[in-house]
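Chemist: Numbering (this note's numbering), first residue to last: 1148 to 1357.
Ideal Cβ positions, reconstructed from N, Cα and C, are used throughout, including at glycine.
Have a look at this one.
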């Protein structure tokens, strides 16, 4: 139940229109394919990354906890296997996938649940399998880094339509601590991205399962 309680506060849908393109994946496609074509997307949202991965020749499985987002994702990426699920009860066996990706989906959890979430991603991968992800950075001031009340270190609560919104913001040490003992980082960079109306600050990380 750890993840279910924490993920209860995820936004149910992305704002209209759909977020921007998924060209952030392009520099990593060859490395993501290095262990095979079976890739899982954690928090697939409206399916933009799933569609890009399908176009690059991957066998894509994605999941999201929002029924609305799964509907949108199936429209965007009809060739992918897209499931309504969360990290508390993933219907996949150990080492099922060759790679994993997650874009702006793993920063809504308390720290204990954050570590457990990365552990669940690790469970899905074989040793040496790549994991590419992005998470909020602590200077992401356009999207809440200084708003609301601190619940934990770098974890903030703000009022929301469906109840309190919980959002984590990572510094470099937080990213390294989140994957410690599970993944070996090969690339870690601070990025400014233009996915939404205002610039967004995030960390981009490429790592391999230990």
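Alpha carbons only, please: which of 1195, 1200, 1206 and 1238 is nearest the one belonging to residue 1217?
Modeler: Counted from its first residue, the chain shown places residue 1217 at position 70. Out of 1195, 1200, 1206 and 1238, 1195 has the C-alpha closest to the C-alpha of residue 1217.
Chemist: Considering only heavy atoms of the ligand ZN, does any lie closer than 7 Å to the CB of residue 1209?
Modeler: Ligands are entirely absent from the displayed structure, and the ligand ZN is therefore not among its contents.
Chemist: Would you give the residue range spanned by the beta strand (DSSP E) that residue 1188 belongs to?
Modeler: Working through the chain shown from its first residue, we reach residue 1188 at position 41. Unbroken beta strand (DSSP E) run through residue 1188: 1185-1189.
Chemist: Residue 1334 and residue 1318: beta carbons closer than 8 Å?
Modeler: Position 187 of the chain shown, counting from 1, holds the residue named residue 1334. Position 171 of the chain shown, counting from 1, holds the residue named residue 1318. Contact: no.
Chemist: State the start and end residues of the unbroken alpha helix (DSSP H) segment that holds residue 1251.
Modeler: Within the chain shown, the letter at position 104 stands for residue 1251. That residue, residue 1251, is in no alpha helix (DSSP H); it is neither H nor E in DSSP.
Chemist: If we count Cβ pairs, one from each stretch, closer than 8 Å, do we get three or more for the segment 1253-1273 versus the segment 1200-1215?
Modeler: Taking 8 Å as the limit for Cβ pairs, the verdict is that the segment 1200-1215 does not touch the segment 1253-1273.
Chemist: Does DSSP classify residue 1321 as helix, strand or coil?
Modeler: Here residue 1321 corresponds to residue number 174 of the chain shown, with the count starting at 1. Three-state DSSP puts residue 1321 in a helix.
Chemist: By alpha-carbon positions, which one of 1273, 1280, 1313 and 1309 ends up nearest to residue 1291?
Modeler: What you label residue 1291 is simply residue 144 of the chain shown in a count that begins at 1. Considering only alpha carbons, the answer is 1313.
Chemist: Taking 7 Å as the limit between beta carbons, can you name the residues of its chain near residue 1117, skipping five residues before and five after?
Modeler: Only positions 1148 to 1357 of the chain appear in this structure, which leaves residue 1117 out of reach.
Chemist: Any idea if residue 1231 is buried or exposed, counting beta-carbon neighbours within 10 angstroms, 16 or more meaning buried?
Modeler: On the chain shown, residue 1231 is found 84 positions in, with the first residue counted as 1. It is exposed - the Cβ of residue 1231 has fewer than 16 other Cβ atoms within 10 Å.
Chemist: Quick one: residues in its chain with C-beta nearer than 8 Å to the C-beta of residue 1271, no 5 flanking neighbours on either side, listed in chain order?
Modeler: Residue numbering aside, residue 1271 sits at position 124 when the chain shown is read from its first letter. If we look at residue 1271 and ignore the five residues flanking it on each side, its Cβ neighbours are 1187, 1237, 1239, 1241, 1242, 1243, 1244 and 1247.
Chemist: On the DSSP bridge list, what partners appear for residue 1337?
Modeler: Taking the chain shown and counting its residues from 1, one reaches residue 1337 at position 190. According to DSSP, residue 1337 bridges with 1350.
Chemist: Let's see if you can read the secondary structure: which residues bound the alpha helix (DSSP H) around residue 1214?
Modeler: Residue mapping note: residue 1214 aligns to position 67 of the chain shown, counting from 1. Looking at the DSSP string, the run of the alpha helix (DSSP H) that includes residue 1214 is 1214-1223.
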